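Taking it in order: structure first as structure tokens, then the write-up.
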Amino acid sequence: MELRDLRIGYVPQKNSFDHPGDYRRFCYYADKRNIKFEIADPSEIYDVVFLTQSADLSIWSEYQRGNCKIIYDFIDSYLKVPKWNLKGLFRGSAKYIAGQSRYLRLNHWEALEAMCQRADAVVCSTSEQKTDIQSYCQNVHIILDCHFKLMRAAKTDYSVGDTFNFVWEGLPGNLKLTFGIREVLQSLSAKYNIALHVVTDLQYGKYMGKFCVKNTLPLAKKLFDNSYLHEWKEETLADTVCQFDMAIIPIPLNKPLWFDSSLAIGKPENKLLLLWRMGMPTVVSTTAAHKRAMDDCGLAMTCRTSNEWFDTLEKYMNDESARREAGQKGKAFADKNYSEEIILSQWDKLFASVFQP
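See the structure below:
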């Protein structure tokens, strides 16, 4: 069955399709395979409906029109969020109040489980997620992001100047994840001239990503005084990141009281692969996904404690050849094991799976 001949409905993260969950995932695949789709309307009949995490679960988990196949792109570890988590407890009602759910589903965990049960296939991003989801759907596929449109430059010069420049890239709401190494950066700044460059949106919605809009710079300065903010733009991202010396991806592993990091701990190696594709030496927290990727690549740049962070950062700050080796090794690994051809073939297998007898 040719996908080009099917009526495919799509529920995007944003109707503008400029969210990473759109253009790095299904939309990228559809463009490369010349697959036409439309924004899904639950009153219509489709051959396939592809749902992102912004889909109204109260509607789509009950959708039974025709012989429609549903694919659910469930890439975050919401099933791992503790049942006592306040955000988790109020997530269902918040979505209803914000108009993201037509019908009230107080228990968001149960809504997610029901969606997985209804889906003919679920896409996730880690093996841990896959195990959890298989309790509700047996057809689960691990597919990571397509970063290829962002790859407009790669690092070649690993020398440093008078200031050692760290870089962090991501959504503003995730900047708080770096607060766990605030004291590490302060300790390093007592010995070395360092700066932290934050590549992200200049403003962000504090609640649900859109309410109570705040400027990002004060948040960056709260992390480290000598911080600089750079606006995230697709066309300049690689050039911006590659001018700095080393990237960091810190995640609080001990689940501090000031922030529940369950979702972050369960994230895949997407950001690490993005930075590796740019040839950036990158130091990361020891999450399961990061540890697997580092082990497979033959690098030892994961950290659990503040002492490990300090020692690892200091080691690479003072060793240009080690930075070069880490950057080049990471790039070669990402380009070989997560090529465009490999990732597109994973999408092919996903869609084929929902039509298998």
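Position in the sequence shown (first residue = 1) + 1 = this note's numbering. Heads up, the beta-carbon is just placed ideally off N, CA and C, and yes, glycines get one too. All values derive from a computational prediction rather than experimental measurement.
In the DSSP assignment, what residue or residues form a beta bridge with Met247?
Numbered from 1 along the sequence shown, position 246 holds the residue referred to as residue 247. Answer by DSSP bridge pairing, in chain order: Phe167.
How is the alpha helix (DSSP H) around Val185 delimited, first residue to last?
Reading the sequence shown from its first residue, position 184 is the one you call residue 185. Residues Arg183 to Lys192.
I'd like to check one pair, Tyr73 with Leu52: are the Cβ atoms closer than 8 Å?
Your numbering for residue 52 matches position 51 in the sequence shown. Your numbering for residue 73 matches position 72 in the sequence shown. Yes, the Cβ-Cβ distance between Leu52 and Tyr73 is below 8 Å.
With a 10 Å radius around its C-beta and 16 neighbouring C-beta atoms as the bar for buried, classify Thr303 as buried or exposed.
Mapped onto the sequence shown, residue 303 falls at position 302. Classification of Thr303: buried, given that the 10 Å Cβ count is 16 or more.
My output table needs one value for Phe1: the three-state DSSP class, helix, strand or coil.
With the chain represented from 2 up to 358, any question about residue 1 goes unanswered, as that position is not in the structure.
DSSP state of Ile36, grouped into three classes?
Indexing the sequence shown from 1 puts residue 36 at position 35. Note: Ile36 maps to coil in three-state DSSP.
What are the start and end residues of the alpha helix (DSSP H) that includes Glu129?
The residue labelled residue 129 in the question sits at position 128 within the sequence shown. Start and end: Ser128 to Ile134.
In whole angstroms, give me the CA-to-CA distance for Glu1 and Ala301.
Only positions 2 to 358 of the chain appear in the structure, and residue 1 is not among them; the question remains open.
Could you give the residue range of the alpha helix (DSSP H) that holds Lys70?
Taking the first residue of the sequence shown as position 1, residue 70 is located at position 69. Lys70 -> not in any alpha helix (DSSP H); beta strand (DSSP E) instead, spanning Lys70 to Asp74.
Take the Cβ of Pro219 as the centre, count every other Cβ of all protein chains shown within 10 Å, and call the residue buried at 16 or more, exposed below.
Looking up residue 219 in the sequence shown gives position 218. So Pro219 ends up on the exposed side.
Please state if the CB of Thr287 and the CB of Leu273 are separated by a distance shorter than 8 Å.
As a first step, residue 273 is located in the sequence shown; it is residue number 272 there, counting from the start. As a first step, residue 287 is located in the sequence shown; it is residue number 286 there, counting from the start. No, the Cβ-Cβ distance between Leu273 and Thr287 is not below 8 Å.
Among Asp146, Gly299, Ser126 and Val50, which has the Cα closest to the Cα of Gly267?
Indexing the sequence shown from 1 puts residue 267 at position 266. Residue Ser126 is the option with its Cα nearest to Gly267.
Considering only their Cβ atoms, is the gap separating Ser262 from Pro253 smaller than 8 Å?
Taking the first residue of the sequence shown as 1, we reach residue 253 at position 252. Taking the first residue of the sequence shown as 1, we reach residue 262 at position 261. Yes.
Member of Ser307, Asp158 and Asn319 whose CA lies at the smallest distance from the CA of Leu186
For this step, residue 186 is matched to residue 185 along the sequence shown. Out of Ser307, Asp158 and Asn319, Ser307 has the C-alpha closest to the C-alpha of Leu186.
Along the chain, where does the alpha helix (DSSP H) containing Ile344 start, and where does it finish?
Stepping through the sequence shown from its first residue, residue 344 is reached at position 343. Start and end: Glu341 to Ser354.
Are there 16 or more other CB atoms within 10 angstroms of the CB of Lys96, so buried, or fewer, so exposed?
Your numbering for residue 96 matches position 95 in the sequence shown. Looking at its Cβ environment, which holds 16 or more other Cβ atoms inside 10 Å, Lys96 is buried.
Under 7 Å Cβ to Cβ from Ala191, same chain only, skipping five residues before and after it: list those, please.
Taking the first residue of the sequence shown as 1, we reach residue 191 at position 190. Cβ neighbours of Ala191 beyond the five flanking positions: none.
Alpha-carbon to alpha-carbon, Arg278 and Ile143
Your numbering for residue 143 matches position 142 in the sequence shown. Your numbering for residue 278 matches position 277 in the sequence shown. Each residue's alpha carbon lies about 20 Å from the other.
Neighbour-count burial assignment, Asp240, 16 or more Cβ in a 10 Å radius:
Against the sequence shown, residue 240 aligns to sequence position 239. That one is exposed.
Buried or exposed: which applies to Ala353, given that a residue is buried once 16 or more other Cβ atoms fall within 10 Å of its Cβ?
In the sequence shown, counting from the first residue as 1, residue 353 sits at position 352. Its Cβ having fewer than 16 others within 10 Å, Ala353 is exposed.
What does His291 pair with, by DSSP beta-bridge criteria?
As a position in the sequence shown, residue 291 is number 290, starting the count at 1. According to DSSP, which records beta bridges pairwise, His291 is partnered with nothing at all.
At what residue ranges does the region 271-332 contain a whole run of the beta strand (DSSP E), taking only runs of 3 or more?
283-286
Under 8 Å between C-beta atoms of Met247 and Phe167
In the sequence shown, residue 247 corresponds to position 246, counting from 1. In the sequence shown, residue 167 corresponds to position 166, counting from 1. A contact, by the Cβ cut-off of 8 Å.
Collapsed DSSP secondary structure at Leu203 in the structure displayed:
Position 202 of the sequence shown, counted from the start, is the residue given in the question as residue 203. If DSSP states are grouped into helix, strand and coil, Leu203 belongs with coil.
Beta carbon of Asn227, beta carbon of Leu197: below 8 Å?
As a working note, residue 227 is residue 226 in the sequence shown. As a working note, residue 197 is residue 196 in the sequence shown. In this structure, Leu197 lies closer than 8 Å to Asn227 by Cβ.
Residue range of the beta strand (DSSP E) that Tyr11 falls in?
Position 10 of the sequence shown, counted from the first residue, corresponds to residue 11. First-last of the beta strand (DSSP E) with Tyr11: Ile9 to Val12.
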